[in-house]
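> Before I ask anything, let me first share the structure, which is written out below as structure tokens.
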């Protein structure tokens, strides 16, 4: 029996979320939907090293956003800062993947645009939380 999967825009919606927070969760989900299948095409000998770190950074980033969304004040800010550090790791692993030709130029440009947009949203959320 197949389990229906909600559409990304509806998956993260709760009554207390602000629109900017909703967008970052959806954008990150879309990034994961694109990125994780790409990782399956990376060389097998790297799947347990760089590929795993790339996947972990992306998934940990998403988890940090959910944790931040569940908190307020300084706790939220701590989770957002952790998310920022994880996003920087994600950028590093994407650059390495491109440098080693595991991602084609067009794929890297696409990933970079997605990550840049998520980074802008995260920066705005951090500024809003700081007050």
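Residue numbers (the numbering used here): -9 to 121.
No residue lacks a Cβ here, since even glycine has one placed at the ideal position from N, Cα and C.
Return the first residue and the last residue of the alpha helix (DSSP H) that residue 32 is part of.
No alpha helix (DSSP H) holds residue 32; DSSP gives it neither H nor E.
> Would you mind sorting residue 69 into buried or exposed? The rule is 16 or more other CB atoms within 10 Å of its CB.
Buried, since its Cβ has 16 or more Cβ neighbours within 10 Å.
> Using 8 angstroms as the threshold, is the C-beta distance between residue 28 and residue 93 below it?
In this structure, residue 93 lies closer than 8 angstroms to residue 28 by Cβ.
> For residue 65 and residue 90, I'd like the C-alpha separation in whole angstroms.
Distance between the alpha carbons of residue 65 and residue 90: 38 angstroms.
> Please classify residue 44 as buried or exposed, where buried requires at least 16 other C-beta atoms within 10 Å of its C-beta.
Result: buried.
> The alpha helix (DSSP H) with residue 54 in it runs from where to where?
From DSSP, the alpha helix (DSSP H) with residue 54 extends over 40 to 59.
> Just to confirm my understanding: we take residue 17, look at its own chain, exclude 5 residues before and 5 after, and list those with CB closer than 8 angstroms. What are they?
Closer than 8 angstroms at Cβ, skipping near neighbours: 104, 107, 108, 111.
> Tell me the residue span of the alpha helix (DSSP H) that contains residue 87.
Element bounds for residue 87: 63 to 89.
> What three-state label does DSSP hand residue 93 in the structure shown?
It is coil, neither helix nor strand.
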